[in-house]
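Our numbering numbers the first residue of the sequence shown as 4 and each following residue consecutively. Backbone N, C-alpha and C fix where the C-beta goes; we use that ideal spot for every residue, glycine too.
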Amino acid sequence: MVDIIKVKGLYSMCVRRHAPLLTTIERYYHAKHLRTSRMFPGLVSSPPTRQQVDKSSRSQFPETLCKSQKLMLQMGLIQGAAAGTFYTLPLLTRSLEKLKRVIDRTMQNIGAQKVTTPCLAPASIWKASDRWDVMGSELLKLKDRQEKDLCLAPIGRKFRDEMRPKNGLLRGREFEMKDLYTFDASLKEAEVSYNEVCEAYLQMFKELHLDIVKVEADSGAMGGSKSHEYQLISEIGEDTILRCTKCGTSISQELADSHPESKKCLQENCPGNWTETTGIEIAHTFLLGTKYSKIFKAQALLANNKVVDMQMGCYGIGVSRLLASAIEVLSTEEYIRWPQLLAPHQVCIISQQTGHFFEESLSIAESLQEELLSKSHLHNEVILDDRHKLSIGKRLIICEQFGFPYLIIVGKKVQEATPLFEFVDVYKGEKQFLSREQIVSRLSQIDTVVV
């Protein structure tokens with residue numbers, strides 16, 4: 004889909020595409036009651052061990068798997084299709100849809116609207132800008148039955164003939180992107196638009212509680228006068244970043260190598276104390292100028308009837324990479340941790356194991372689930388763990404592994420004169436006993452993304 008932003012009387016475009024959900028998944032998520040026994044595939048039974056994942060993945064993924072890839076395979080969030088391509092299964096699909104909603108909201112807050120673009124693009128467009136040759140073998144090219152050259156346009160859902168795909172969704176041959184283009188009548192106005200989008204990106208990352216570093220970068224093949232990368236610091240990152248520990252200025256190693264004069268602090272009189280770190284590039288922004296608008300005659304008619312080439316900006320967020328990177332950085336070796344707003348479901352209720360007090364416990368759990376689901380912001384956010392052959396302790400561990408932020412246990416204390424539930428805040432590591440009213444009040448205050 005392409006968002007169009009009105010800036011200074013002109014229109015700009017933000018490109019993104021939604022992958023359609025399977026009909027069966029749509030039916031499932033519109034069900035009134037959400038139960039683990041209906042979830043495919045991870046929560047139907049206990050997830051495999053890390054050793055089992057390593058053994059089964061060895062033939063399909065000969066390279067060393069990163070933490071996020073291992074966890075997503077172990078928990079049934081992804082399944083390999085071919086080298087560099089994956090099926091995203093229901094829980095991860097739900098989280099990706101939430102992330103897209105967050106991006107939509109961010110774009111709408113700066114006046115964006117969406118349009119769609121085809122995946123197949125004629126070669127003539129790419130040849131006109133020289134990108135047909137500049138992108139080389141990474142651009143997936145093909146011919147139709149009339150022998151006309153086409154390519155899978157790297158806009159929205161991107162396709163790249165990656166030579167060495169690795170690390171799951173971090174570096175694949177097919178991935179989700181959100182692309183944005185701005186058009187202004189003057190360079191000054193284009194810089195205002197550029198800064199507005201950059202600030203919107205930073206605010207969105209802050210909302211997701213991700214410590215993203217804005218890095219001055221080389222414009223590379225895209226061109227333009229200004230460029231910034233948005234990096235999530237990680238040991239497995241493939242980009243080297245130079246950071247001043249005194250003033251916080253950050254530049255890419257690539258820029259420092261190609262333009263040594265760029266290695267200077269933004270803060271005046273800062274002597275600079277540069278250290279190296281590695282990061283995963285989550286987003287990139289470019290102030291392009293008129294490089295492409297001249298080629299394609301994208302012009303604006305000013306109030307004085309003067310025609311000028313429009314000043315362009317280009318921006319992109321790696322949607323699937325952002326989510327995978329967040330899991331990589333936030334999780335432990337055994338437990339997935341999401342940006343809390345993007346967890347597939349916010350709440351999981353665990354009732355008693357089959358045996359004593361089973362029927363009463365299940366009835367109480369179902370009643371509490373119905374009450375919570377009636378809250379508009381908790382629509383489809385509350386699941387019931389009905390794997391009653393497993394002990395409460397076993398299910399509690401599994402749900403913590405999946406990273407559901409809030410767990411409610413219907414234990415023996417609900418039989419007391421003042422019924423109490425065990426309430427677990429997984430991300431804060433807090434456990435307490437609360438009444439039904441206290442739980443409803445507590446969960447009425449959490450932020451969610453309704454999908």
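- Take Phe162, set aside five residues on each side of it, and the residues of its chain with a beta-carbon closer than 6 Å to its own are Leu143, Leu155, Glu177, in chain order.
- Here Gln404 has Pro50, Met78, Glu337, Tyr338, Ile339 as same chain residues with Cβ atoms under 8 Å from its own Cβ, once five neighbours each way along the sequence are excluded.
- Nearest to Asp388 by C-alpha distance, out of Leu258, Leu290, Arg398, is Arg398.
- CA-to-CA, the gap between Gln418 and Ser196 works out to about 60 Å.
- A direct Cα-Cα distance of roughly 33 Å separates Asp147 from Phe289.
- By DSSP's assignment, Asp242 forms a beta bridge with Gly282.
- For Gly321, the uninterrupted beta strand (DSSP E) run begins and ends at 314-321, by DSSP.
- Assignment of beta-bridge partners to Tyr233 by DSSP yields Lys217, Ala286.
- Spatial neighbours of Ile283 in its own chain (CB-CB distance under 6 Å, excluding positions within 5 residues in sequence) are listed in chain order as Leu235, Ser237, Gly240, Ser328.
- Between Met313 and the set Leu95, Glu271, Ser261, Ser189, the nearest pair of CA atoms involves Ser189.
- Excluding five sequence positions before and after Thr88, the CB atoms of its chain that fall closer than 7 Å to its own CB belong to Gly175, Arg176, Glu177, given in chain order.
- With the rule of 3 Cβ pairs closer than 8 Å, the stretch 419-427 counts as touching the stretch 435-452.
- Looking at the DSSP output, Lys434 shares a beta bridge with Val427.
- Around the Cβ of Ile298, a 10 Å sphere holds fewer than 16 other Cβ atoms; the residue is exposed.
- The alpha-carbon separation between Lys300 and Gly251 amounts to approximately 40 Å.
- Assignment of Lys73 by DSSP, reduced to helix, strand and coil, places it in the helix class.
- Take Leu153, set aside five residues on each side of it, and the residues of its chain with a beta-carbon closer than 8 Å to its own are Leu123, Ala124, Pro125, Ala126, Lys144, Leu145, Lys146, Asp147, in chain order.
- The C-alpha of Lys117 lies about 27 Å from the C-alpha of Ser228.
- Annotated three-state conformation of Ala188 is coil, per DSSP.
- Between the stretch 104-115 and the stretch 361-375, the count of C-beta pairs closer than 8 Å stays below three; the two stretches do not touch.
- The three-state secondary structure of Gln343, taken from DSSP, is helix.
- Annotation for Arg38: no beta strand (DSSP E) segment contains it, and DSSP assigns it neither H nor E.
- Straight-line measurement puts the Cα of Ser444 at about 41 Å from the Cα of Thr119.
- DSSP, read as helix, strand or coil, puts Glu141 in helix.
- Excluding sequence positions up to five before and after Leu381, its CB lies within less than 8 Å of the CB of Gln349, Val350, Leu375, Leu446, Thr451, all in the same chain and listed in chain order.
- Annotated three-state conformation of Gly227 is coil, per DSSP.
- With distances taken between CA atoms, Leu183 lies nearest to Ala203 out of Gln356, Trp341, Ala203, Ser370.
- Judged by beta-carbon spacing, Ile352 lies beyond the 8 Å limit of Val429, meaning their Cβ atoms are not closer than that value.
- Spanning the alpha carbons of Leu345 and Ser98 requires a straight line of approximately 5 Å.
- Cβ-Cβ separation between Thr280 and Arg246: approximately 6 Å, consistent with a contact (criterion under 8 Å).
- Residue pairing by DSSP puts Ala303 in a beta bridge opposite Val311.
- Listed in chain order, the non-local C-beta contacts of Thr278 below 7 Å within the same chain comprise Arg246, Thr248, local neighbours out to five positions each way being set aside.
- CA-to-CA, the gap between Ser354 and Leu95 works out to about 25 Å.
- 8 Å or more divides the Cβ of Leu173 from the Cβ of Cys273.
- In this structure, the beta-carbon distance from Lys217 to His231 falls below 8 Å.
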